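Chemist:
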């Protein structure tokens, strides 16, 4: 049996033991402390302190919580802000990245999560640049490439890209790189500062367990902040928002990446969820994720009709994706049997392993039910 | 004493009777049913149903709750979506309004809430149009005006604009009009459909009591939906989001105004708050708001050093704004005495009257404390 150095962390989550939940790569499970914290936000901060709460912590929550996420992605304080959705933050990041460029194209990985490709297309159309989808295995960056947008972990296959190597390759051609960390933030060590990543975005409702649709984050390194100009110039990104001047002057720091009024109830739900990371080391989380996915892989790879499409080496995130002709109906029957993963068209079954709360027994129960159904 | 046909509604809110809360035009107070509803969202919908909740009501919440707001602003079903912030929705609305135009300017009211002006400037810069601030009293719309952006109620003075007259004037010149309903939605009758308004946006955390930074709404009338193209082409606005195709095809209806994954905890907080309107008639709400503000005005207009800048006639929203040389320190002292309004630079005191929970006694207590301080 595998040793699990994080076994005690599962108790921090509100889980139903009759269910094997393997979809934390789509919606993380709630940490137990969230419910009481949100009650306090509603009853006391909103109900009793009312408007005064804006100056008692709410206004600066996007930067404060951003710094907590920064710790998990290798960003020193003052470089991450929590705001809006991943899609909206991608728009800000790409528009800022290509602003004033004399280069002519945006490059995106061809297997990207759809929203990344859609937003990249929109930015290309708005700015007159071309959009070139590429296979990350053959990433050719030219002197006409303004920016490369890459997914750290492929949502479909679970493949993990080499951030160091690909960032260096983009930089060698004078291009910027924007990383989407939706499927990696919180569950493996990331070193944005050390790798000189230009910009990064990510959601917080998957492995960060921030709640359904919880606000996303955006990383803008300190040195890039003076040149970061994004078109969603809402009042909360202003240098002096309460002066209410007619002209927009962006904040001098990462707050210029903010747009409208921050969504406090959801943001403080996320804040509570992040407490879990005060007790864990990301290297342990990563090691357990690799062990869990290896264990599950070993149990299912020889089942009839199954093809494992997640890399067998360490270049994978914390999911195992299986191809099967009847993927959609198979997942429906798995869910009926309380094994919850998801299906991605046309024929992919995804099983996400959240190292903070999934156990080796979860892997075994899921594999056993899958075997029965096949 | 004034008769108050809505006196019983106050009991639906969680209020501290030791405080006179007159800042509901900035952050509405929480309805009592919100706390339990949010607990259910966290503990049951998220905690027990997990990812399955997306197909059990979450995915369509933006349109369902949009229809509830639609009822309050005179929009038939299928035309309002709840999403993002007001700033982000303004960006979508203005970008869609000017797309493909052969006209050369955007007009905005000169006293607009800052974020509206900032976003209009950004859209003008992105699209190469000019931005022309105007006094709404002298709204000249030309054949070169693509769109006019107006605030229904001026956040500073409380003045209410004539939506019917100004919409007709814009249309007579062939221009579109976008209305910002932040300070009017939920507290006075609005007739977006009847007036053929082109687009409208609004926040939900003021008089709609949706919670701090709760998601905003966007109105796109049915006839305008096929031509509504906005650049925040996130995956949830796609016609078939779960097909995860590489190309973006917008939804056929109002869902094309969505961008990223909806923020469910905040959205369902708002949903709970909207239950209050099931029990009230907006005409009663409007009548009480006018009576409350008239009553307060009468009590304070002759105080030394005070100038009332809110219109005395019915062209006002539900706030009374006073000019005073020492507005900032005066508001600080009022708050110390548990009378909560707010200050807008340089010299304006704002007192918002939320007809659903403010009483005539609130007006009298606030006026008495203000008189003492002066």
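Residue numbers (the numbering used here), protein chains in the order written: chain Z, 1 to 374; chain X, 1 to 374.
Ideal Cβ placement from N, Cα and C applies to all residues, glycine included.
Here the structure is a predicted model, which is why all the values come from computation and not from measurement.
#1: So which residues of chain X does residue 29 of chain Z contact, with C-beta pairs closer than 9 angstroms?
#2: Is there a Cβ of chain Z sitting closer than 8 angstroms to that of residue 214 of chain X, yes or no?
#3: Can you round the beta-carbon distance between residue 28 of chain X and residue 219 of chain X to whole angstroms, since I take them to be within the 8 angstroms contact cut?
#4: If we ignore side chains and look at the alpha-carbon of each, how far apart do residue 326 of chain Z and residue 341 of chain Z end up?
#5: At the 8 angstroms Cβ level, is residue 266 of chain Z part of the contact set with chain X, yes or no?
#6: Since residue 4 of chain X and residue 351 of chain X should fall inside the 8 angstroms C-beta cutoff, what is the C-beta to C-beta distance between them, to a whole number of angstroms?
#7: Does residue 16 of chain X get closer than 8 angstroms to chain Z when you measure Cβ to Cβ?
#8: Please confirm whether residue 152 of chain X and residue 184 of chain X have their CB atoms less than 8 angstroms apart.
#9: Does any residue of chain Z bring its CB to less than 8 angstroms from the CB of residue 122 of chain X?
#10: Are any of the Cβ atoms in chain Z nearer than 8 angstroms to that of residue 207 of chain X?
#11: Who are the neighbours of residue 91 of chain X on chain Z, taking C-beta pairs under 9 angstroms?
#12: Can you tell me whether DSSP reads residue 213 of chain X as helix, strand or coil?
#13: Quick one: is residue 345 of chain Z buried, meaning 16 or more other Cβ sit within 10 Å of its Cβ, or exposed?
#14: Terminal residues of the continuous alpha helix (DSSP H) containing residue 321 of chain Z?
#15: With 16 as the cutoff for other CB atoms within 10 Å, does residue 7 of chain X come out buried or exposed?
#16: Establish whether the CB of residue 39 of chain X and some CB of chain Z are separated by less than 8 angstroms.
#17: Can you tell which of X:62, X:41, X:33, X:19 has its C-alpha closest to the C-alpha of residue 50 of chain Z?
#18: Roughly how many whole angstroms lie between the Cα atoms of residue 210 of chain Z and residue 95 of chain X?
#19: Taking Cβ-Cβ distances below 7 angstroms as the criterion, which residues of the stretch 124-150 of chain X are in contact with chain Z?
#20: Say whether the stretch 29-36 of chain Z touches the stretch 144-164 of chain Z, bearing in mind that this needs 3 or more beta-carbon pairs closer than 8 angstroms, one atom from each stretch.
#21: So which residues on chain Z does residue 85 of chain X lean against when the C-beta distance must stay under 8 angstroms?
#22: With H, G and I counted as helix, E and B as strand and the rest as coil, what does DSSP make of residue 242 of chain Z?
#23: Should residue 34 of chain X be flagged as near chain Z, meaning a C-beta pair shorter than 8 angstroms?
#24: For a contact meaning CB atoms closer than 7 angstroms, what does residue 42 of chain Z contact in chain X?
#25: Name the chain C residues whose beta carbon is nearer than 8 angstroms to that of residue 88 of chain X?
#26: Would residue 253 of chain X count as contacting chain Z if we go by Cβ distances under 8 angstroms?
#27: Can you tell me which residues form a DSSP beta bridge with residue 133 of chain X?
#28: So, is the C-beta of residue 277 of chain Z closer than 8 angstroms to a C-beta in chain X?
#29: Helix, strand or coil for residue 146 of chain Z, going by three-state DSSP, please let me know.
#30: Comparing C-alpha positions only, which one of Z:181, Z:173, Z:235 sits nearest to residue 248 of chain Z?
#31: Since residue 342 of chain Z meets chain X, which of its residues come closer than 8 angstroms, beta carbon to beta carbon?
#32: Please list the partners that residue 118 of chain X has in chain Z, where partner means a Cβ-to-Cβ separation under 9 angstroms.
#33: Near residue 355 of chain X, what residues of its chain come up, given a Cβ to Cβ distance below 7 angstroms and the 5 sequence neighbours on each side ignored?
#34: Tell me the rounded alpha-carbon separation between residue 222 of chain X and residue 78 of chain X.
#35: Provide the residue span of the beta strand (DSSP E) that contains residue 289 of chain X, from first to last.
#36: Take residue 332 of chain X as the anchor and find which of X:349, X:265, X:46, X:323 has the nearest alpha-carbon.
Modeler: According to the data block:
#1: Position 29 of the first chain, counting from 1, holds the residue named residue 29 of chain Z. Those within 9 angstroms of residue 29 of chain Z in chain X are 46, 47, 50.
#2: Stepping through the second chain from its first residue, residue 214 of chain X is reached at position 214. Output row for residue 214 of chain X: interface = yes.
#3: Working through the second chain from its first residue, we reach residue 28 of chain X at position 28. Working through the second chain from its first residue, we reach residue 219 of chain X at position 219. About 20 angstroms separates the Cβ atoms of residue 28 of chain X and residue 219 of chain X, ruling out a contact at the 8 angstroms cut-off.
#4: Against the first chain, residue 326 of chain Z aligns to sequence position 326. Against the first chain, residue 341 of chain Z aligns to sequence position 341. Distance between the alpha carbons of residue 326 of chain Z and residue 341 of chain Z: 15 angstroms.
#5: Locating residue 266 of chain Z in the first chain gives position 266, where the first residue counts as 1. Closer than 8 angstroms: yes.
#6: Translated into positions along the second chain, residue 4 of chain X becomes position 4. Translated into positions along the second chain, residue 351 of chain X becomes position 351. Going by Cβ atoms, the distance from residue 4 of chain X to residue 351 of chain X rounds to 18 angstroms, so no, they are not a contact pair.
#7: For the purposes of this step, residue 16 of chain X is identified with residue 16 of the second chain, where counting begins at 1. Interface flag for residue 16 of chain X against chain Z is set, since a Cβ pair is found closer than 8 angstroms.
#8: Here residue 152 of chain X is taken as the residue at index 152 of the second chain, counted from 1. Here residue 184 of chain X is taken as the residue at index 184 of the second chain, counted from 1. Closer than 8 angstroms, so yes.
#9: Locating residue 122 of chain X in the second chain gives position 122, counting from the first residue. Interface residue, yes.
#10: Locating residue 207 of chain X in the second chain gives position 207, counting from the first residue. No, its Cβ sits nowhere closer than 8 angstroms to a Cβ of chain Z.
#11: The residue labelled residue 91 of chain X in the question sits at position 91 within the second chain. Taking a Cβ-Cβ cut-off of 9 angstroms, the neighbours of residue 91 of chain X in chain Z comprise 231, 232, 233, 234, 259, given in sequence order.
#12: Locating residue 213 of chain X in the second chain gives position 213, counting from the first residue. Coil.
#13: Taking the first residue of the first chain as 1, we reach residue 345 of chain Z at position 345. Residue 345 of chain Z comes out exposed.
#14: Here residue 321 of chain Z corresponds to residue number 321 of the first chain, with the count starting at 1. Residue 321 of chain Z -> not in any alpha helix (DSSP H); beta strand (DSSP E) instead, spanning 319-323.
#15: Indexing the second chain from 1 puts residue 7 of chain X at position 7. Only exposed fits residue 7 of chain X, as fewer than 16 other CB atoms lie within 10 angstroms of its CB.
#16: Mapped onto the second chain, residue 39 of chain X falls at position 39. Any Cβ of chain Z closer than 8 angstroms to the Cβ of residue 39 of chain X would place that residue at the interface, and such an atom is present.
#17: For the purposes of this step, residue 50 of chain Z is taken as residue 50 along the first chain, with counting starting at 1. Answer by Cα proximity: X:19.
#18: Numbered from its first residue, the first chain carries residue 210 of chain Z at position 210. Numbered from its first residue, the second chain carries residue 95 of chain X at position 95. Straight-line spacing of the CA atoms in residue 210 of chain Z and residue 95 of chain X works out to 31 angstroms.
#19: Flagged, chain order: 126.
#20: No, they do not touch.
#21: The count along the second chain starts at 1 and reaches residue 85 of chain X at position 85. Ordered by position in chain Z, the residues that pass the 8 angstroms Cβ test against residue 85 of chain X are 84, 234, 259, 260, 261, 263.
#22: Counting from one through the first chain, the residue named residue 242 of chain Z turns up at place 242. In the structure shown, residue 242 of chain Z sits in a helix (DSSP, three-state: H, G or I).
#23: On the second chain, residue 34 of chain X is found 34 positions in, with the first residue counted as 1. Yes - at least one Cβ of chain Z is within 8 angstroms of the one on residue 34 of chain X.
#24: Here the question's residue 42 of chain Z lines up with position 42 in the first chain. Here the neighbours are 30, 34, 35, 38.
#25: Looking at the structure shown, chain C is missing, and the protein chains on hand are Z and X.
#26: Here residue 253 of chain X refers to the residue found at position 253 when the second chain is read from its first residue. False, the Cβ-Cβ gap to chain Z never drops below 8 angstroms.
#27: As a first step, residue 133 of chain X must be located in the second chain, where it is residue number 133. X:108.
#28: Position 277 of the first chain, counted from the first residue, corresponds to residue 277 of chain Z. Interface with chain X (8 angstroms Cβ-Cβ cutoff): residue 277 of chain Z is excluded.
#29: Numbered from its first residue, the first chain carries residue 146 of chain Z at position 146. In the three-state DSSP reduction, residue 146 of chain Z falls in the strand class (E or B).
#30: On the first chain, position 248 is the one that residue 248 of chain Z refers to. Distances from the CA of residue 248 of chain Z to each of Z:181, Z:173, Z:235 were compared; the closest alpha carbon is that of Z:235.
#31: On the first chain, residue 342 of chain Z is found 342 positions in, with the first residue counted as 1. For a Cβ distance threshold of 8 angstroms, residue set 51 of chain X lies close to residue 342 of chain Z, ordered along the chain.
#32: Looking up residue 118 of chain X in the second chain gives position 118. Simply 233, 234, 235, 237, 238, 246, 247, 248.
#33: Within the second chain, residue 355 of chain X is the residue found at index 355, counting from 1. Spatial neighbours of residue 355 of chain X in its own chain (CB-CB distance under 7 angstroms, excluding positions within 5 residues in sequence) are listed in chain order as 6, 187, 285, 288, 289, 292, 318.
#34: Position 222 of the second chain, counting from 1, holds the residue named residue 222 of chain X. Position 78 of the second chain, counting from 1, holds the residue named residue 78 of chain X. Distance between residue 222 of chain X and residue 78 of chain X, taken at the CA atoms: about 7 angstroms.
#35: Counting from one through the second chain, the residue named residue 289 of chain X turns up at place 289. No beta strand (DSSP E) contains residue 289 of chain X, which is instead part of the alpha helix (DSSP H) from 282-300.
#36: By one-based count along the second chain, residue 332 of chain X stands at place 332. Nearest of X:349, X:265, X:46, X:323 to residue 332 of chain X, Cα basis: X:349.
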